[in-house]
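Chains as they are written, first to last, in this note's numbering: chain P, 8 to 190; chain V, 3 to 206.
Glycine included, every Cβ here is placed at the ideal spot set by N, Cα and C.
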Amino acid sequence: MFNSGKQPQSIDFLQPSYSPTDIWSTAYIWLTKIGKYLLIAVEILVLGVFFSRFILDRQDNDLKEEVNAKVTLLSNESWQKNAAIYENYQYLLSDIKLVKEKQVINSVKISELTSGIPSTLHLSSFSYSVNKVSLRLVSSSLESIKDYESSLKNNPNYSGVTFSIDKDDNEINVSVNFSLVTD
Amino acid sequence: MERKLLNTEEYIKLIKESPEKKRGYIYAGVTVLASILLIIFAVRPTILKITQINLSIKEKGRLSTALDTKISTLSALDKQFEDVGEDLSALQLIYPSDGNFSLLLANINPILSRNGFYLGGISFDKYTDKNVAFAAKVLVPWSVKISTKGKPSNIINLLKDLEALPMFPVVESYSFTDQKDKDGLTGFSINLRIYKIDNANFYE
Chain P
8 MFNSGKQPQS
18 IDFLQPSYSP
28 TDIWSTAYIW
38 LTKIGKYLLI
48 AVEILVLGVF
58 FSRFILDRQD
68 NDLKEEVNAK
78 VTLLSNESWQ
88 KNAAIYENYQ
98 YLLSDIKLVK
108 EKQVINSVKI
118 SELTSGIPST
128 LHLSSFSYSV
138 NKVSLRLVSS
148 SLESIKDYES
158 SLKNNPNYSG
168 VTFSIDKDDN
178 EINVSVNFSL
188 VTD
Chain V
3 MERKLLNTEE
13 YIKLIKESPE
23 KKRGYIYAGV
33 TVLASILLII
43 FAVRPTILKI
53 TQINLSIKEK
63 GRLSTALDTK
73 ISTLSALDKQ
83 FEDVGEDLSA
93 LQLIYPSDGN
103 FSLLLANINP
113 ILSRNGFYLG
123 GISFDKYTDK
133 NVAFAAKVLV
143 PWSVKISTKG
153 KPSNIINLLK
163 DLEALPMFPV
173 VESYSFTDQK
183 DKDGLTGFSI
193 NLRIYKIDNA
203 NFYE
C-alpha cells in the first residue's frame, strides 16, 4: 500500500531518502508523528468529560432515590397527620402568646374611672364600651360637680369630655360623656 | 536526464514550497478541524449537560437536607408531644374548635358566686366589633354577654377575675344602673371578648 519496497535511490541530500508521495501514506505518517498527540489529547478530554457525566449522573440518581425515599416516608398518613397537628399547635401557641401580650385589662381602667368619682357624687348609671364612657351622676352640690368636671377636662388620659347638667329642686342630675385616650 | 544546477536561494524556496510541506499543513489543518468538531459537537453538549446535572445535584442536595431537617424536627416533636400532650389537650377546653365553651361556663358561675353575684343569663354570639388590633392565625374573637346581679362594690373584683381567666378575655363593654331589685341587688351587663378556633378538626 505504501510502496515501501520501491524506495528510490538518490544522492540528493536535500530530499529525504524516503518521501511518500501518495495522500494516504502522508496522512498515515503525519497522524503517527504529530496529529496523534492532538487527537489523543482531544480523546482524553472527551473521555474525561464523558466519565464525569457518568459519575455525576450516578450521584444525581442516588440523590433522587434518597429524596424519593424521604418523601415517601413523610407522605405516610400518620406522619402527615402528626405534622398537621404540630403545625396547628405551633400556630395556636404563637396566637396565645400574641393574645396574652395584647390583652387590654379594661377592669383596671373601669376601676380607675369609678374610683375617681368624688364621694359627694352619686353614680346612678355607668356605661363603658370600647374606651367610650357614659356616666350619670346625682349630687346636691354644684361645686363638687364643677370640681369633677375640671378634673376630667384637665386629665390628659380623657378626651371629648362633655357635661350635661339638669337641675331639679333638691338634686342635680349630671350626664357625663368622654373617651379614653389610647396609645 | 540533465540535472539543472540550483543556487542556495532556489534550494530554500524549493524546501519551503515543497509538496510535502503543503501536504503537512493540510493534514495538520484537517486534524485541528476534526478536533474542533469533536469539541463542539461532543464535548460542549456534554459539558452543558454536566452543568445541568450539577445544578440538579445541588437542588436535590438542598431538598434532601430540608427533608432531613423536617424528619428530625417531626421526630423531636413526637418526643415532645409525648411529654406535654396532656397539657396541650387542655387547650381544647380553653380555645374550643367546636364552639363548646364548657370550661368558660364551668368557671363563670363559681367566679360570680365568689364575688357575691348571681348569673342572670349568658349568651354567645359572633364578634362584630373591630377592636382587635392584632391578626391571629387561628384564633378568632367571639363574644359572650353576661347579665348578672350583685353589689356594685364587688363589680371591679368580678371584672378582674373574669379577665384573669386562662382564655385571656377582655371586657369589651360593661354597664349598670343603680336600680335595685327587691333583694337590693343591682343588675350588670358585661360583654366579654373571648377566642375560639374556626376549624372543627383543628385538634385531630
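With its beta carbon less than 9 Å from one in chain P, Asn193 of chain V belongs to the interface. The beta carbon of Gly167 of chain P sits no closer than 9 Å to any beta carbon of chain V.
Its chain contains Pro125 as the residues whose beta carbon lies nearer than 8 Å to that of Asp154 of chain P, once the 5 sequence neighbours on both sides are disregarded; these appear in chain order. Contact of Phe185 of chain P with chain V is not assigned, every C-beta pair being separated by 9 Å or more. Membership of Gly63 of chain V in the alpha helix (DSSP H) is indicated by the continuous run 46-91.
Residue pairing by DSSP places Gly118 of chain V opposite no residue, since no beta bridge is assigned to it. With a cut-off of 8 Å on Cβ pairs, the segment 189-196 of chain V is in contact with the segment 148-156 of chain V, counting three or more such pairs.
With respect to the 9 Å criterion, Tyr205 of chain V and Ile92 of chain P are classified as neighbours on the basis of their beta carbons. When secondary structure is reduced to three states using DSSP, Ile124 of chain P falls in the coil class, being assigned neither helix nor strand. Ser136 of chain P belongs to the set of residues whose beta carbon lies under 9 Å from a beta carbon in chain V. Gly152 of chain V is outside the set of residues whose beta carbon lies under 9 Å from a beta carbon in chain P.
Chain-ordered listing is empty here: chain P has no CB closer than 7 Å to the CB of Glu11 of chain V, the nearest sitting near 13 Å.
Collapsing the DSSP output to three states places Val142 of chain V in a strand. Under the three-pair Cβ rule at 8 Å, the segment 114-127 of chain V does not count as touching the segment 81-92 of chain V. Counting C-beta pairs closer than 8 Å gives fewer than three between the segment 144-154 of chain P and the segment 192-200 of chain V, which falls short of the contact rule.
With respect to the 9 Å criterion, Ser145 of chain V and Asp163 of chain V are not classified as neighbours on the basis of their beta carbons. Only Lys62, Gly63, Leu65, Ser66, Leu69, Asp70 from the segment 60-71 of chain V bring a Cβ to less than 8 Å from some Cβ of chain P.
Excluding its 5 nearest sequence neighbours in each direction, Pro154 of chain V has C-beta neighbours in its own chain below 7 Å: Phe178, Thr188, listed in chain order. By the C-beta density criterion, Tyr44 of chain P is exposed, having fewer than 16 other C-beta atoms within 10 angstroms.
Counting the other CB atoms within 10 Å of its CB gives Ser114 of chain P a total of 16 or more, which places it among the buried residues. For the pair Ser148 of chain P and Val183 of chain P, the Cα-to-Cα distance works out to about 16 Å. Glu174 of chain V reaches chain P at Asn113, Ser136, Val137, counting residues in chain order whose Cβ is nearer than 8 Å. For Asn180 of chain P, the secondary structure class from DSSP, reduced to helix, strand or coil, is strand. Listed along chain V are Leu40, Ile41, Ala44, Val45, Thr48, each with a C-beta nearer than 9 Å to that of Val53 of chain P. When C-beta distances to chain V are compared with 8 Å, the residues of the segment 64-82 of chain P below that value are Asp64, Gln66, Asp67, Leu70, Lys71, Glu73, Val74, Lys77, Val78, Leu80, Leu81, in chain order. Of all C-beta pairs linking the segment 87-96 of chain V to the segment 132-144 of chain V, fewer than three are shorter than 8 Å, placing the two stretches out of contact. In this structure, DSSP gives Ile112 of chain P a state outside helix and strand, which the three-state scheme calls coil.
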